[in-house]
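For our numbering, add 416 to where a residue sits in the sequence shown, where the first one is 1. Data block below; observations after.
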Amino acid sequence: METAKMFFRLPRVSPGYFKYLKTQAVQSVEVRGDATVSPRWAVLLGAVGLGLSGYSSRQLTIHHKPCPRTLR
């Protein structure tokens, strides 16, 4: 049986190329002093979203009378 033919050949990746990628990744990542601000905003916005969702659900249940068929 013949093996499947590829449309293009992948270049061989050398260990030196991996080292180059690692150094580029380290140089591109800079830690700033406000790096902890984003998780705090995410938690705050998540809590506000949950609170508003609960509030709107409560408002809907207060002002809405259920269908008599569902109470049987």
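Every residue, glycine too, gets a C-beta built ideally from N, C-alpha and C. Note that the coordinates shown come from a computational prediction; the quantities given were computed from them, not determined experimentally.
Simplified DSSP assignment, three categories, for residue i
i, result
"Ser-473", "helix"
"Ser-430", "coil"
"Arg-455", "Per the sequence shown, the amino acid found at residue 455 is Pro instead of Arg. The answer is helix: DSSP assigns Pro-455 an H, G or I state."
"Pro-484", "helix"
Neighbour-count burial assignment, residue i, 16 or more Cβ in a 10 Å radius
i, result
"Met-417", "At Met-417 the pLDDT is 47, less than 50, meaning the model places this residue with poor confidence; the figure from the coordinates comes in the next sentence. Flag for Met-417 reads exposed."
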